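J.: Here the protein sequences come in this chain order: A and B. In terms of our numbering, the first sequence has 336 at position 171, counting the first letter as 1, and numbering is strictly consecutive. In terms of our numbering, the second sequence has 916 at position 205, counting the first letter as 1, and numbering is strictly consecutive. Yeah, the Cβ is synthetic: ideal placement off N, Cα and C, and Gly gets one too. In this text, all values refer to a predicted model and were calculated from it rather than measured experimentally.
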Amino acid sequence: MSEAAKNVIELNNISVTFHNNDQTLDAVKNVNLQIQKGDIYGIIGYSGAGKSTLVRVINLLQQPTAGTVTVNNQEIQQLKPVELRQARKKVSMIFQHFNLMKSRTVQGNVEYPLLGTKISKGERQAKAQKLLKLVGLSEYADTYPSQLSGGQKQRVAIARALASDPEILISDEATSALDPKTTKSILELLKQLNRDLHLTIVLITHEMQVIKSICHNVAVMDAGEIIERGPVAKVFTDPQQKLTNDFVETSTNVKEAIERITSTIEISDFKDNQELMYFNFIGNSTKQSVISEFSQKYGVDVNILFANIDQIDGENVGYMIAIITGDLNVFNGAIQKLRSDGVKTRILTDALLEGGEDQ
Amino acid sequence: MTAIIPNVMAMKGEFVQATWETIYMTLMSAIISAVLGLLVGVLLVITQPGGILEDKLTYSVVDKLVNLLRSIPFIILLAVISPLTKFLIGTTVGTTASLVPLIFGIFPFYARQVQNALLDVDHGVIEAAESMGSSPTEIIFRIYLREGLADIIRVSIVTIISLIGLTTMAGAIGSGGLGDVAINIGYARFENDITFTAMIIILVLVFAVQLIGDWIVRRVEHN
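#1: Quick one: complete beta strand (DSSP E) runs, 3+ long, within the stretch 433-509 of chain A?
#2: Assign A:Arg-511 to buried or exposed, taking buried as 16 or more other Cβ atoms, counted over all protein chains shown, within 10 Å of its Cβ.
#3: Taking 6 Å as the limit between beta carbons, can you name the residues of its chain near A:Ser-416, skipping five residues before and five after?
#4: Could you tell me the alpha carbon to alpha carbon distance between A:Val-455 and A:Ile-351, rounded to whole angstroms?
#5: Look at the alpha carbon of A:Lys-452 and the alpha carbon of A:Asn-494, and state the distance between them as a whole number of angstroms.
#6: Would you list, in chain order, the members of the stretch 849-861 of chain B that have their beta-carbon closer than 9 Å to a beta-carbon of chain A?
#7: Taking the alpha carbon of A:Lys-462 as the point to measure from, which residue in A:Met-442, A:Lys-502, A:Leu-299 has its own alpha carbon closest?
#8: Helix or strand or just coil, what does DSSP make of A:Tyr-309?
#9: Ignore the nearest five residues each way along the sequence and tell me which others in B:Tyr-735's own chain have a CB closer than 7 Å to its CB.
#10: Along the beta strand (DSSP E) that carries A:Ala-231, what are the first and last residues, could you check?
#11: With a cut-off of 8 Å on the beta carbons, I'd call A:Leu-334 and A:Ala-324 a contact; round off their distance for me.
#12: Any beta-carbon of chain A closer than 9 Å to the one on B:Asn-827?
#13: For A:Thr-429, count neighbouring C-beta atoms within 10 Å of its own C-beta (all shown protein chains included) and say buried if the count is 16 or more, exposed if not.
#14: Of all the residues that make up the stretch 279-311 of chain A, which are near chain B by a beta-carbon distance shorter than 7 Å?
#15: If you measure from the beta carbon of B:Val-811 to each beta carbon in chain A, is any gap under 9 Å?
#16: Short check: CB of B:Ala-808 to CB of B:Ile-817, under 9 Å?
#17: How far does the alpha helix (DSSP H) with A:Gly-316 in it extend, from its first residue to its last?
#18: Can you give the Cα-Cα distance for B:Phe-726 and B:Ile-884, rounded to whole angstroms?
#19: Going along the chain, which residues of its own chain have a beta-carbon closer than 7 Å to the beta-carbon of B:Ala-909, five neighbours each way excluded?
#20: Do A:Thr-233 and A:Gln-242 have their C-beta atoms within less than 9 Å of each other?
#21: Could you say which of A:Gly-207, A:Gln-199, A:Phe-263, A:Glu-414 lies nearest to A:Val-108 if we only look at CA atoms?
#22: In angstroms, rounded to a whole number, what distance separates the CA positions of A:Tyr-277 and B:Gly-835?
#23: Taking A:Tyr-309 as the reference, which of A:Leu-470, A:Met-266, A:Lys-255, A:Glu-175 has the closest Cα?
#24: Please name the residue or residues paired with A:Asn-177 in a DSSP beta bridge.
#25: Looking at the C-beta of B:Ala-909, does it have a partner C-beta in chain A at a distance below 9 Å?
#26: Note down, in chain order, each residue of its chain lying with its Cβ closer than 8 Å to the Cβ of B:Leu-788, except the 5 sequence neighbours on either side.
#27: How long is the line joining the alpha carbons of B:Ile-905 and B:Ala-790, rounded to whole angstroms?
#28: What are the start and end residues of the beta strand (DSSP E) that includes A:Met-266?
#29: Whole-angstrom Cβ separation of A:Thr-235 and A:Glu-175, contact assumed at under 8 Å?
#30: Closer than 7 Å, Cβ to any Cβ of chain B: which residues of the stretch 184-203 of chain A, in chain order?
#31: Check the DSSP bridge columns for A:Leu-198 and list the partner residues they point to.
#32: Where A:Gln-201 and A:Tyr-484 are concerned, what is the direct C-alpha to C-alpha distance, given to the nearest angstrom?
#33: Could you check where the alpha helix (DSSP H) with A:Met-258 kicks off and where it finishes?
#34: Along the chain, where does the alpha helix (DSSP H) containing B:Arg-900 start, and where does it finish?
#35: DSSP has A:Val-383 in a bridge; who is on the other side?
#36: Here's a check: name, in chain order, each residue in its chain whose Cβ is nearer than 8 Å to the Cβ of B:Met-712, leaving out the five neighbours to either side.
What follows is the structure, given as structure tokens:
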């Protein structure tokens, strides 16, 4: 199979511009995106970055101002309205606020996509029951959505999304209204659907945690553009952009730790032979006794203020903040050694002092 | 009874007939106005900016027409519309003739109420239906009218109650019913018990509509 054929979604030079009276807003700017069949592709960005607009282009709920959309080797902008509606049945969507129909029972909601198709009533009911069983809500078939919890509602929405046997599932902040435990169970369910039904999942979120737990590939969006993309492990262990780094530090609590440390420790009181340092261990270096070697070999004291180990797409990543006290002449050599071991370092002292003077 | 409401007791037959006339006028004009009002209300919702079949021209024409019709005071509409009534029914007096002004008086109001009821249907649900490949017709019948049903019934109750009020006004200028009895007999002859009894019967009708309506709303709503 050629590279192009494996891509179930191809967005080429997509731009979306909104006009509101005399104001124009470039919600999506010239975005190219290829998503392979069977992938779980995450799109992360803060609100207003254009994520929702971008994914709505995939099923043409949002018409792009420019660019072409190819789904399943079908240029969907060329389709007639009837054909487009047919194509949309293969691209299901779940939403942050579930968007269930409150006038229909759970069963009725799941049956909805099958109304008006050739499937008989009996088959329709049987299929809905099968799907409700899959999401673990069989006993709720006759209740109305208003009686369900958020997590249960999202499960119903997932069952409904699966009723038309889609190949692609778009998740628009589907876990953002849920608590962490429920989020985890919903993500597990999505992972299972990806594995068992070979469903391609496009997931947008503002939470790194979500990307880390289920995505294989990720694109980081900011102001309508994709600023960084690639395999999750690579993008989040070696972020190239400040925003990406921001997401990583927020999710690993590094950001919070730096804030806490600088508010409790007076950096200006540091002696000349002291530095506040940030270490980032990736892959193999997480398994070696890097710090104790560093301390013994170069005769420096390491006072650890914060440390955390995380798993990103199966890879260990460690974060540490420490005060280093020792002979600064050997210091540079020591850092060189760390770098060759695969540890990334950053001296926080100067940056923080400058920051402090600014205020 | 004869001691308390002597004039009413003297014309029991007329009262029964007037009550039926009021019910007839209300029901017939309600049914036709419901069809027209639902059509126009749905049309407004789907053609409005951001609607599923957005059409600026249609929306602005229909919207302005509804506003225009709603601005005409009913008592003046009764007179203004009489040539049309004469053309359609052949006469301007009687209960059937009153249906024309009643329909024109109430359906624009009902259309606006239906529009507001449908606007309350969660836009996210509409979007979900679109994402599931529903056609505009399917969205109107399976989402808007179904999800909005409880609110549509609520505004229907309000509309029918207003309509009962309008039938009495029409009655006063010659279409019969309880309004006719209250004004042209009770008020004109200073027979206050007749006016009062007509009012009581109208109140009973209003409460009945309200009770039945509320009961239906409870049946269809699942919030």
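T.: With the given structure in hand:
#1: 439-447, 466-477, 480-490
#2: Here residue 511 of chain A is taken as the residue at index 346 of the first sequence, counted from 1. By the neighbour-count rule (16 or more Cβ atoms within 10 Å), A:Arg-511 is not buried but exposed.
#3: Taking the first residue of the first sequence as position 1, residue 416 of chain A is located at position 251. Result list for A:Ser-416: Met-373, Gln-374, in chain order.
#4: Taking the first residue of the first sequence as 1, we reach residue 455 of chain A at position 290. Taking the first residue of the first sequence as 1, we reach residue 351 of chain A at position 186. If you take the alpha carbons of A:Val-455 and A:Ile-351, they lie about 38 Å apart.
#5: In the first sequence, counting from the first residue as 1, residue 452 of chain A sits at position 287. In the first sequence, counting from the first residue as 1, residue 494 of chain A sits at position 329. The straight-line gap from Cα to Cα measures roughly 28 Å.
#6: Glu-849, Arg-853, Ile-854, Arg-857, Glu-858, Gly-859, Leu-860, Ala-861
#7: Here residue 462 of chain A refers to the residue found at position 297 when the first sequence is read from its first residue. The shortest C-alpha separation from A:Lys-462 is found at A:Lys-502.
#8: Translated into positions along the first sequence, residue 309 of chain A becomes position 144. Coil at A:Tyr-309, not helix or strand.
#9: In the second sequence, residue 735 of chain B corresponds to position 24, counting from 1. If we look at B:Tyr-735 and ignore the five residues flanking it on each side, its Cβ neighbours are Thr-806.
#10: The residue you call residue 231 of chain A lines up with position 66 of the first sequence. Note, A:Ala-231: beta strand (DSSP E), 231-236.
#11: Position 169 of the first sequence, counted from the start, is the residue given in the question as residue 334 of chain A. Position 159 of the first sequence, counted from the start, is the residue given in the question as residue 324 of chain A. A:Leu-334 to A:Ala-324, Cβ: 12 Å. No contact.
#12: Indexing the second sequence from 1 puts residue 827 of chain B at position 116. Chain A contact via Cβ: absent.
#13: Taking the first residue of the first sequence as 1, we reach residue 429 of chain A at position 264. Label assigned to A:Thr-429: exposed.
#14: Leu-280, Gly-281, Tyr-309, Ser-311
#15: Stepping through the second sequence from its first residue, residue 811 of chain B is reached at position 100. B:Val-811 does not count as touching chain A.
#16: For the purposes of this step, residue 808 of chain B is identified with residue 97 of the second sequence, where counting begins at 1. For the purposes of this step, residue 817 of chain B is identified with residue 106 of the second sequence, where counting begins at 1. No.
#17: For the purposes of this step, residue 316 of chain A is taken as the residue at position 151 of the first sequence. Where A:Gly-316 is concerned, the enclosing alpha helix (DSSP H) stretches over 315-327.
#18: Here residue 726 of chain B refers to the residue found at position 15 of the second sequence. Here residue 884 of chain B refers to the residue found at position 173 of the second sequence. Roughly 18 Å separates the two Cα atoms.
#19: The residue labelled residue 909 of chain B in the question sits at position 198 within the second sequence. Closer than 7 Å at the Cβ level, and outside the excluded window around B:Ala-909, lie Leu-889, Val-892, Ala-893, Gly-897.
#20: In the first sequence, residue 233 of chain A corresponds to position 68, counting from 1. In the first sequence, residue 242 of chain A corresponds to position 77, counting from 1. Yes. Within cutoff.
#21: Look at the range of chain A in this structure, 166 to 524, and you will see that residue 108 of chain A is not part of it.
#22: For the purposes of this step, residue 277 of chain A is taken as residue 112 along the first sequence, with counting starting at 1. For the purposes of this step, residue 835 of chain B is taken as residue 124 along the second sequence, with counting starting at 1. A:Tyr-277 and B:Gly-835: Cα-Cα distance of roughly 15 Å.
#23: As a first step, residue 309 of chain A is located in the first sequence; it is residue number 144 there, counting from the start. Per the Cα distances, A:Met-266.
#24: As a first step, residue 177 of chain A must be located in the first sequence, where it is residue number 12. Answer is A:Thr-233, bridged to A:Asn-177.
#25: Working through the second sequence from its first residue, we reach residue 909 of chain B at position 198. No, no contact with chain A.
#26: Sequence index remark: in the second sequence, residue 788 of chain B carries index 77 (1-based). Excluding positions up to five away in sequence, the list reads Pro-812, Phe-815, Gly-816.
#27: Residue 905 of chain B sits at position 194 when you count from the first residue of the second sequence. Residue 790 of chain B sits at position 79 when you count from the first residue of the second sequence. Going by the C-alpha atoms only, they are around 27 Å apart.
#28: Numbered from its first residue, the first sequence carries residue 266 of chain A at position 101. No beta strand (DSSP E) contains A:Met-266, which DSSP labels as neither H nor E.
#29: The residue given as residue 235 of chain A occupies position 70 in the first sequence. The residue given as residue 175 of chain A occupies position 10 in the first sequence. Right, the Cβ-Cβ distance comes to about 4 Å (below 8 Å), so this counts as a contact.
#30: none
#31: Sequence index remark: in the first sequence, residue 198 of chain A carries index 33 (1-based). A:Leu-198 pairs with A:Leu-176.
#32: Counting from 1 along the first sequence, the entry for residue 201 of chain A is found at position 36. Counting from 1 along the first sequence, the entry for residue 484 of chain A is found at position 319. Computed Cα separation, rounded: 32 Å.
#33: Position 93 of the first sequence, counting from 1, holds the residue named residue 258 of chain A. A:Met-258 -> not in any alpha helix (DSSP H); beta strand (DSSP E) instead, spanning 256-260.
#34: Start at 1 with the first residue of the second sequence, and residue 900 of chain B comes out as number 189. Counting along the chain, B:Arg-900 falls outside any alpha helix (DSSP H), and DSSP gives it neither H nor E.
#35: The residue you call residue 383 of chain A lines up with position 218 of the first sequence. According to DSSP, which records beta bridges pairwise, A:Val-383 is partnered with A:Gly-207, A:Gly-395.
#36: Translated into the one-based positions of the second sequence, residue 712 of chain B becomes position 1. Around B:Met-712: Met-720.
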